[in-house]
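4 protein chains.
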Amino acid sequence: MTAVTKIGIINVTGYAGSELARILRNHPEVTIASVTGRSAAGQRLPEAVPHLWDIDLPITSTVEESVDFVFSSLPSGASAEALAPLVDGGVKAVDIAADFRIRSAEGFKAAYKIDHPAPHLLKRAVYGLPEINRSRISGASLIANPGCYPEASILALAPAVQTGLVELDAIIDAKSGISGAGRGSITSNPMYHFAESNENVLAYGLEGHGHQPEIAQELASLGGSDSAKVTFVPHLIPMTRGIFATCYAPLTDPSTTREAVQATYQEFYAGEPFTHVTASPPRTKQTTGSNLCLVYPTVDPRTGRLIVVSCLDNLVKGAAGQAVQNMNLMLGLPETMGLESLALWP
Amino acid sequence: MTAVTKIGIINVTGYAGSELARILRNHPEVTIASVTGRSAAGQRLPEAVPHLWDIDLPITSTVEESVDFVFSSLPSGASAEALAPLVDGGVKAVDIAADFRIRSAEGFKAAYKIDHPAPHLLKRAVYGLPEINRSRISGASLIANPGCYPEASILALAPAVQTGLVELDAIIDAKSGISGAGRGSITSNPMYHFAESNENVLAYGLEGHGHQPEIAQELASLGGSDSAKVTFVPHLIPMTRGIFATCYAPLTDPSTTREAVQATYQEFYAGEPFTHVTASPPRTKQTTGSNLCLVYPTVDPRTGRLIVVSCLDNLVKGAAGQAVQNMNLMLGLPETMGLESLALWP
Amino acid sequence: MTAVTKIGIINVTGYAGSELARILRNHPEVTIASVTGRSAAGQRLPEAVPHLWDIDLPITSTVEESVDFVFSSLPSGASAEALAPLVDGGVKAVDIAADFRIRSAEGFKAAYKIDHPAPHLLKRAVYGLPEINRSRISGASLIANPGCYPEASILALAPAVQTGLVELDAIIDAKSGISGAGRGSITSNPMYHFAESNENVLAYGLEGHGHQPEIAQELASLGGSDSAKVTFVPHLIPMTRGIFATCYAPLTDPSTTREAVQATYQEFYAGEPFTHVTASPPRTKQTTGSNLCLVYPTVDPRTGRLIVVSCLDNLVKGAAGQAVQNMNLMLGLPETMGLESLALWP
Amino acid sequence: MTAVTKIGIINVTGYAGSELARILRNHPEVTIASVTGRSAAGQRLPEAVPHLWDIDLPITSTVEESVDFVFSSLPSGASAEALAPLVDGGVKAVDIAADFRIRSAEGFKAAYKIDHPAPHLLKRAVYGLPEINRSRISGASLIANPGCYPEASILALAPAVQTGLVELDAIIDAKSGISGAGRGSITSNPMYHFAESNENVLAYGLEGHGHQPEIAQELASLGGSDSAKVTFVPHLIPMTRGIFATCYAPLTDPSTTREAVQATYQEFYAGEPFTHVTASPPRTKQTTGSNLCLVYPTVDPRTGRLIVVSCLDNLVKGAAGQAVQNMNLMLGLPETMGLESLALWP
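Residue numbers (numbering that gives the first Met the number 0), protein chains in the order written: chain B, 0 to 345; chain E, 0 to 345; chain Z, 0 to 345; chain F, 0 to 345.
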């Protein structure tokens with residue numbers, strides 16, 4: 000009991016922040032000690048976020064308690080700024096924003112159009128995708144939690160890329176539920192109004208999206224190369240939660256069979272608690288509210304292409320659940336602790 | 000051709016305003032001559048509202064052309080203010096806002112908490128519900144277009160109230176799609192964010208809603224009384240268009256049969272082009288995009304209550320379509336002109 | 000460990016059955032030992048219901064293991080038939096179907112149009128709503144789990160009825176997500192096709208619904224009377240999970256204040272783990288995936304009516320969660336065990 | 000008046016059939032004379048399809064009237080069988096099913112796994128996509144209306160393929176609303192149940208879909224080749240209407256600019272009444288209920304790929320509206336007659 004870890008959540012009122020609180024509230028080895036917000040500072044948490052009715056903490060503007068571990072789900076830029084003094088002071092941290100995902104400050108600026116607010120921390124940061132990086136996460140003090148799209152995309156392609164099944168040249172066509180736009184998005188753009196998002200599909204970021212360099216960086220590493228050709232097109236579709244990524248890449252050997260590909264994938268993810276290779280194409284609803292990522296690879300023999308579909312809940316495996324999985328590794332706890340729920344279906 | 004009426008639409012960028020433009024663009028006897036907006040002023044209409052791609056007019060901040068007829072879909076208060084000089088100058092008008100629905104300035108202030116900006120026009124204004132008021136509309140120069148909820152509620156209860164089938168004591172439980180909140184609503188309240196409206200239902204206005212006095216005023220008139228007891232509870236449900244009103248009232252004679260009620264309703268609405276009594280309970284989707292209001296009355300013999308359900312498209316019969324129907328009457332045109340489309344289903 | 004209770008789930012492939020499995024899989028004091036299905040018999044559970052991926056049991060056509068406790072979510076009629084031999088043999092049971100909710104075989108036949116298949120068990124069955132019936136549930140061997148609509152309706156009205164705040168004369172206007180129609184509904188009626196349910200609202204059961212006598216029976220008991228006047232109109236709205244009930248009843252003393260009503264409700268539900276009186280109107284999404292029922296009472300002073308809104312997740316507090324809460328009471332376990340999850344939001 | 004064309008609609012109760020009736024009812028030069036159904040034969044049309052309330056015709060099992068022009072929206076195989084005697088007898092026809100889209104009987108069998116029921120008609124059939132085939136359609140007596148996915152895909156790629164901007168090697172990632180599955184789909188598969196389609200995305204046809212050879216055939220023709228490499232992956236997303244196709248192809252000259260591509264597209268579709276090149280990425284809702292196809296081409300300079308997104312309403316430009324456009328051409332009527340409605344938005 001005395002060993003329970005005291006947690007701080009920066010920006011608890013956003014969708015990722017409140018999802019973190021929901022998950023951590025049932026985690027047996029931690030206690031939520033401090034939560035921050037911006038416009039909601041001064042309220043009690045249940046006033047601002049009613050479904051967290053029994054986490055009766057004040058929302059403060061900065062992390063007030065002496066916490067042992069902190070999560071930030073602030074927007075990019077603000078997040079590193081808020082985390083830097085804590086991390087410098089020895090608090091372990093998971094950044095759910097994009098600030099530590101790109102390895103270089105220059106790359107960060109190219110992707111996000113702002114100067115990096117804490118470049119001295121970039122070297123300490125470890126990319127938090129356990130399926131490809133587990134041991135480094137366990138020893139890290141600062142984790143860059145993957146973006147929701149990169150999480151789905153990299154998990155879809157990692158087995159093929161690392162084993163050389165495909166060339167380093169991928170097209171990723173991703174479909175996301177609208178919670179991915181964040182809660183604050185609403186005040187700036189009527190496209191998130193229910194009346195305009197419902198019964199509607201759109202592509203965005205066609206001239207460049209911040210998640211493209213993140214995906215390319217990680218696929219290049221997996222492929223043992225300096226760079227990877229990646230075309231990435233995200234879409235918004237009328238649902239709340241869920242990401243579905245459809246990935247295309249040329250097979251190195253065009254005669255590779257579906258069976259061979261599926262065997263490679265099964266082997267790559269054997270034993271993974273949350274990433275499963277399925278026997279038939281998965282659907283996002285099979286992951287809602289759970290920390291699962293489901294992956295189904297196949298082959299288009301007409302064109303010699305690998306096709307992989309993957310799906311996950313963008314707020315769980317794509318954000319808060321992944322962050323808790325990383326925390327468990329960093330704290331030496333069982334990796335699945337607090338993340339055992341099955342998907343909510345239908 | 001020379002007789003074509005030149006139309007102005009004030010606040011064309013809102014949901015009711017753009018729906019007006021959509022309908023009037025195919026109306027053979029009018030031409031849209033001037034459209035106004037607030038933040039979009041200065042743009043061409045198709046830039047601000049892309050589905051109106053071939054109505055290539057500039058959006059101005061006030062009605063610039065010498066128009067013959069004007070519609071306003073500004074918010075309450077602002078609407079009467081914008082209309083007053085035009086109406087005073089002899090332009091016929093339909094107000095889609097609430098400003099001329101309540102007959103007295105005091106009643107308006109009680110319902111909407113603002114002083115009426117043009118009380119001198121209240122006497123000229125006619126409540127624009129043709130099913131109960133057709134001849135007065137034909138001779139009017141200023142029409143108060145009914146609220147979307149009152150439209151569905153009054154059409155549901157008018158036959159029973161006017162024929163004395165029920166006491167003047169109604170409960171109206173109404174369910175609305177989220178376009179009813181208006182386009183501007185988005186910036187003020189995250190509840191209209193798709194992620195929060197989807198998979199959600201809520202009741203609002205439980206401590207009083209501006210449409211309650213409008214409904215009570217009209218039902219009292221129909222019942223030949225000074226007042227009517229009306230409980231009105233609106234709900235938001237996760238769909239874009241549509242209102243569904245479920246209305247309950249005590250039968251004057253509790254032994255009245257379903258058949259007798261249905262016969263009364265059939266007779267009341269015989270010949271109505273847009274309000275139909277159905278043989279089985281209707282669904283909102285049967286009205287989407289059309290100017291129909293569907294009404295189904297029945298009886299709960301256990302409790303001696305009349306139950307009536309009604310539905311319509313809140314942006315058509317509940318707003319822009321009703322406004323065009325009123326315009327047709329005011330201009331001496333066939334009442335259904337420009338409103339002939341069937342519902343879009345599924 | 001040796002005391003772990005072995006559970007059987009009859010008809011695990013329906014929505015309530017699979018929700019039971021989802022909840023019980025994380026319950027520390029039970030183990031799922033046997034699951035049955037109809038058309039899916041012969042498959043493994045994860046093949047038929049993929050989100051239950053790690054409950055690797057065969058689906059059989061009857062309960063095969065020697066189970067200690069059984070749940071049935073078969074359709075009405077079939078459920079009592081399947082349960083009777085087990086209950087007669089000493090297995091404790093919760094019936095999620097309607098078969099033991101109406102106290103008399105005649106009442107059952109009037110409501111469901113079939114002869115009761117096990118009338119000898121009616122006297123042993125206890126209505127499983129702990130908020131009004133806790134001690135009797137603890138001692139029972141056969142529980143009639145409430146219907147989803149009655150659950151929301153009775154919890155909304157019980158405090159007012161039992162304390163005499165209102166007359167025994169209620170109108171209940173209920174809105175349900177479409178999972179309430181059940182999984183099997185799809186093959187019989189295209190109205191459940193996404194294309195026809197989406198962007199649509201409808202009322203049904205206008206000429207009588209099986210849940211009306213259940214509500215009337217329980218409200219009458221609470222009011223110390225033989226009968227209660229109840230008008231009940233259910234609606235289907237385009238969402239998957241959630242019930243929202245809006246209830247209207249005449250105040251015994253029309254001058255009763257909102258504050259007095261809210262105080263009565265707060266007192267009535269003080270200490271309840273799952274039924275909460277809220278300070279502002281609740282929304283269904285605040286309950287999704289959780290066992291909460293949220294209740295908000297208010298007063299319409301114009302008409303002297305009580306208005307109460309309530310909401311819950313129809314598959315959890317309205318079905319499987321309520322069933323587990325009942326099981327916990329019957330087994331002497333902590334009432335909230337296995338039901339601690341917060342709602343999934345957004 | 001005497002020249003009005005008498006129309007037959009085979010299988011009017013499906014989604015494409017009822018959409019045809021909705022459009023044709025307002026067409027000034029035709030009259031619906033006969034409608035057929037399968038299980039609904041014997042009913043009046045408004046009983047079976049209530050939104051067609053004023054088309055009061057009997058539903059028969061075969062086309063009974065002596066019609067001048069017939070549409071079929073039967074399933075594949077059954078459609079050609081029903082059309083053959085009519086076409087042989089001199090009635091002009093548009094087949095909305097897939098039966099005449101693939102030019103050879105062998106290709107048809109490979110794609111649809113059934114023998115072609117009327118191979119003698121294959122040579123007379125013309126592929127009904129006016130943007131690439133207008134003059135041949137005008138002279139045809141039997142039209143193969145394009146599939147909904149091919150319509151969006153071919154219109155997205157035709158300008159690039161015909162002008163040699165890209166190699167004949169395309170990936171088409173398409174997203175469809177669920178009405179595309181057809182009304183009959185419901186009885187066979189619970190995946191179309193609202194509760195299972197809502198908040199869900201899935202890919203299907205991963206091992207081959209009947210629309211792939213149709214797309215490949217037409218792109219090959221446009222590119223002046225015998226064959227084209229085409230990977231086609233369709234997805235179902237939770238909306239009723241709309242198709243969104245995201246298409247990827249390698250640029251012949253990787254340095255081709257976005258501006259050059261957009262100019263090529265603008266020129267290709269200049270003057271087209273229904274297919275428009277947009278200045279920013281379009282959304283499906285801009286086409287709902289209209290006969291528009293919106294196309295936006297751009298370039299991924301990192302990878303030298305063309306990316307084109309296109310969208311349309313699958314039941315209008317993707318089925319019934321396209322069929323009426325073809326009919327207008329075949330009858331020598333103005334191409335846009337009856338198809339002038341703007342999209343219903345929001």
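All C-beta atoms, glycine included, are put in the ideal place defined by N, C-alpha and C.
A distance below 8 Å separates the beta carbons of A248/E and A169/E.
With contacts defined as CB atoms closer than 8 Å, L314/B and A15/B qualify as a contacting pair.
Comparing alpha carbon positions, the residue from A40/B, D312/B, A227/B, R21/B closest to V294/B is D312/B. Counting other Cβ atoms within 10 Å of its Cβ, G270/Z stays below 16 and is therefore classed as exposed. Taking 8 Å as the CB threshold, E198/F lines the interface with chain E.
Residues of the segment 174-194 of chain Z with a C-beta less than 7 Å from any C-beta of chain F: I177, S178, R182, I185, T186, P189, Y191, H192, F193, A194, listed in chain order.
Following the DSSP letters along the chain, one finds D172/Z in no alpha helix (DSSP H) but inside the beta strand (DSSP E) bounded by residues 168-175.
It is roughly 41 Å from the alpha-carbon of E64/E to the alpha-carbon of A318/F.
At a cut-off of 8 Å between C-beta atoms, P345/Z counts as an interface residue with respect to chain E.
Excluding five sequence positions before and after T59/E, the CB atoms of its chain that fall closer than 7 Å to its own CB belong to S33, T35, A40, given in chain order.
Look at Y203/B: its C-beta is not under 8 Å from any C-beta on chain E.
Taken atom to atom, the span from the alpha-carbon of S78/E to that of I6/E is near 16 Å.
Beyond the five residues adjoining it in sequence on each side, W52/E comes within less than 8 Å, by CB distance, of P45 in the same chain, given in chain order. When secondary structure is reduced to three states using DSSP, V62/F falls in the coil class, being assigned neither helix nor strand.
For D94/F, the beta-bridge partners assigned by DSSP are S71/F, A143/F. Burial state of T335/B is exposed, judged by a 10 Å Cβ sphere holding fewer than 16 other Cβ atoms. Using a Cβ-Cβ cut-off of 9 Å, T239/F is close to F193, A194, E195, N197, E198 of chain Z, given in chain order. Against chain F, a Cβ distance below 7 Å from Y14/E picks out P345. Proximity to A194/E across E130/B, H115/B, A180/B peaks at A180/B, based on C-alpha coordinates. Residue-level contact check: E258/E does not touch chain Z, since none of the beta carbons of chain Z fall below 8 Å from its beta carbon. Pairing P233/E with T162/E, the inter-Cα distance amounts to about 26 Å. Contact annotation: the segment 188-206 of chain B does not touch the segment 275-295 of chain B, with fewer than three C-beta pairs closer than 8 Å.
At a C-beta separation below 9 Å, N25/F has these neighbours in chain E: E339, S340, L341.
Approximately 13 Å separates the beta-carbon atoms of I236/Z and Y148/Z; this is outside 8 Å, ruling out the contact.
Counting other Cβ atoms within 10 Å of its Cβ, I113/Z stays below 16 and is therefore classed as exposed.
Collapsing the DSSP output to three states places H234/F in a strand. The beta carbon of I236/F sits closer than 8 Å to some beta carbon of chain B.
For I8/F, the beta-bridge partners assigned by DSSP are V34/F, F70/F. Judged by DSSP in its simplified three-state form, H192/B adopts strand.
Secondary structure in the segment 77-128 of chain E: the alpha helix (DSSP H) runs of 4 residues or longer, each lying completely within the stretch, are 77-87, 104-111 in chain order.
In the DSSP assignment, Y203/E falls outside any beta strand (DSSP E), carrying neither H nor E. Sequence-distant partners of S279/E (beyond 5 residues in either direction) whose C-beta falls short of 8 Å from its own C-beta, in its chain, are Y295. Between the C-alpha atoms of Q324/E and H210/E there is a straight-line separation of about 21 Å.
By the 16-neighbour rule on beta-carbons within 10 angstroms, G89/F is exposed.
The alpha-carbon separation between V29/E and I8/E amounts to approximately 12 Å. Any Cβ of chain Z closer than 8 Å to the Cβ of S72/B would place that residue at the interface, and such an atom is absent.
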